[in-house]
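Report on the structure given below.
Residue numbers (the working numbering): 227 to 443.
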């Protein structure tokens with residue numbers, strides 16, 4: 227755990243793992259019910275995942291290939307795609323997996339669910355911009371991010387008939403009639419859990435790597 231109490235500039239990964247921890251802890255501290263709170267929450271978790279993967283890529287490259295950290299950082303400094311980072315890490319991890327198992331007294335097996343969660347995350351935000359803005363790169367709206375959506379009276383009735391006992395409705399009256407909006411979280415717990423679980427898994431792997439392969443640094 228020495229890395230927690232020393233300057234990031236002397237860390238073997240130059241602070242990527244420490245920053246990943248910070249973003250993860252910040253995400254865990256969010257318990258607000260504010261509007262659109264899922265966007266900063268998922269952004270923090272997603273960025274933490276990116277930083278953990280970069281840290282692990284640096285650490286494994288330095289340990290097994292004796293590459294300088296700056297060389298690895300330079301390779302991945304402008305790479306924000308989770309898919310690329312995870313695939314590259316998985317390649318170097320699998321390459322040295324047997325050596326890790328035989329030379330240490332811990333089990334390095336990664337949970338099978340990790341790859342499934344990564345697939346889900348990549349489909350939502352592979353390139354790191356999705357949760358940062360209300361629109362896409364073409365300035366087109368992405369209503370699936372919102373917490374309010376257009377609904378019709380018949381849709382509300384159908385939801386109630388199907389067993390939904392609560393609905394937060396906002397009705398706007400105008401000269402053309404009325405518009406009905408339903409308020410609710412656009413991301414279900416399953417999606418948030420996927421981001422959280424990947425952070426948890428990578429955080430554990432990162433901590434173990436620092437302690438087993440780098441003596442706590």
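All C-beta atoms in this analysis are idealised placements derived from N, C-alpha and C, irrespective of residue type, glycine included.
Bear in mind that the values here come from a model prediction, so they are computed numbers and not experimental data.
Check: For residue 350, which of 308, 366, 400 has the nearest alpha-carbon?
Finding: 308
Next item on the list: For residue 229, I'd like the list of residues in its chain whose CB is within less than 6 angstroms of its CB, leaving aside the five on either flank, ordered along the chain.
Entry: 237, 436, 443
Note to self: Taking its Cβ as the centre, do 16 or more other Cβ atoms sit within 10 Å of residue 370, making it buried, or is it exposed?
What the structure shows: exposed
Check: How would you label residue 244, buried or exposed, when you count the other beta carbons within 10 angstroms and need 16 or more for buried?
Finding: buried
Next item on the list: Would you list the one or two residues that DSSP bridges to residue 376?
Entry: 407
Note to self: For the beta strand (DSSP E) containing residue 398, name the first residue and the last one.
What the structure shows: 394-400
Notebook entry, point to check: If we ignore side chains and look at the alpha-carbon of each, how far apart do residue 263 and residue 359 end up?
Noted result: Rounded to the nearest angstrom, the two C-alpha atoms are 13 angstroms apart.
Check: Ordered along the chain, which non-local residues of its own chain (more than five positions away) have a Cβ less than 7 angstroms from that of residue 375?
Finding: Cβ neighbours of residue 375 within its own chain (closer than 7 angstroms, five residues either side excluded): 369, 407, 408.
Notebook entry, point to check: Relative to the C-alpha of residue 248, which residue among 441, 429, 440, 439 is closest?
Noted result: For residue 248, the nearest C-alpha among the options comes from 429.
Check: Should residue 318 and residue 286 be called a contact, given that it needs their Cβ atoms to be closer than 8 angstroms?
Finding: yes
Check: Mind checking residue 394: buried by the 16 CB within 10 Å criterion, or exposed?
Finding: exposed
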